[in-house]
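Residue numbers (my numbering): 233 to 450.
To start, the structure itself, in structure tokens.
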Amino acid sequence: MHNDAPPPPYTLYGGPKNRGLRVIWALRELGQPFELRDIDLFGGEQRAEGFLRLNPAGKVPALVDRRGGEGEAPLVVTESVAILNHLAEEHADAAAPLMPSGRAARAAYHQWMSFGATELEPPVWVFAKHSFIYSPDKRVEPIKVTSAFEHLRATRHLAAALADGRPFVLGEAFSAADIFLGQTLMWAEQQGLKRADGCDDYLRRLRARPALAGALQG
Ligand SMILES: N[C@@H](CCC(=O)N[C@@H](CS)C(=O)NCC(=O)O)C(=O)O
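The following block contains the structure:
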């Protein structure tokens with residue numbers, strides 16, 4: 233027996249316990265159907281030949297996008313921030329788009345995505361590497377102290393922007409910047425990193441989104 237069902241428009245390699253959560257959350261916010269292929273990172277599946285053909289960096293998330301025209305090869309998009317931007321651009325006409333279209337709001341969007349990638353996430357990632365990702369001989373304990381300090385400082389900057397009472401980082405409209413910043417704040421929290429109090433309401437608001445609750449289930 234063979235199955236004639238067309239393949240889903242998207243296949244996501246990654247899962248809710250890694251940066252794949254950002255993409256699952258975005259796909260659910262957009263109401264896009266997708267197939268999820270969780271990768272066993274602790275078992276080393278990301279270094280298997282089949283997966284390396286898809287993403288030579290051996291990392292998740294990786295998104296296969298089959299929405300191109302007739303005869304067009306599927307796209308493979310890697311890097312979680314690039315995937316968020318790709319999805320936001322591809323679905324710019326969604327009822328609730330993930331990237332604003334106005335000039336000023338679009339510039340602010342890029343600013344916060346860049347802040348996430350260069351200020352908020354790096355200390356969280358370094359802290360994780362020196363806690364459990366690197367082999368014990370490569371871990372440097374004092375780096376965790378500096379990373380915790382840098383995370384607190386980055387969240388103070390975010391809290392200062394949120395202090396005017398805006399619900400989301402760009403104002404009234406939720407965007408992919410909230411997905412990126414929100415998932416990173418949650419990841420830091422899981423690791424016990426302290427953050428500025430002024431981010432708490434923002435994170436509560438993000439946690440209340442049904443798309444995130446669904447994404448956490450996969
Ligand atoms: N800059 C990349 C980082 C991707 C990344 O490091 N992913 C982790 C999981 S969250 C991974 O695949 N680790 C497996 C490994 O490095 O072997 C992104 O944002 O997508």
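Glycine residues also receive a C-beta, built at the ideal position from the N, C-alpha and C atoms.
Model, not experiment: these values are computed from the prediction.
Residue pairing of Gly403 in beta bridges, as defined by DSSP: Phe400.
With a cutoff of 8 Å on beta-carbon distance, Leu273 and Tyr245 are scored as not near each other. With a cut-off of 7 Å, the C-beta of Glu304 is classified as distant from ligand 1, since no heavy atom of the ligand falls inside that distance.
With a beta-carbon spacing of about 13 Å, Leu425 and Leu390 fall beyond the 8 Å limit used to define contacts. Of the residues Val401, Gly252, Ala349, Gly263, the one whose Cα lies closest to the Cα of His323 is Gly263. Straight through space, the alpha carbons of Ala420 and Phe364 are spaced by roughly 14 Å. The bridge partners DSSP lists for Val255 come to none. Residue pairing by DSSP places Val372 in no beta bridge whatsoever. The beta carbon of Val401 sits no closer than 7 Å to any heavy atom of ligand 1.
Between the region 377–390 and the region 286–295, the count of C-beta pairs closer than 8 Å stays below three; the two stretches do not touch. With a cutoff of 7 Å, Asn317 does not count as near ligand 1, since its C-beta is closer than that to no heavy atom of the ligand. Judged by DSSP secondary structure, Val309 falls within the beta strand (DSSP E) whose first and last residues are 307–310. Assigned with DSSP and collapsed to three states, Val356 falls in helix.
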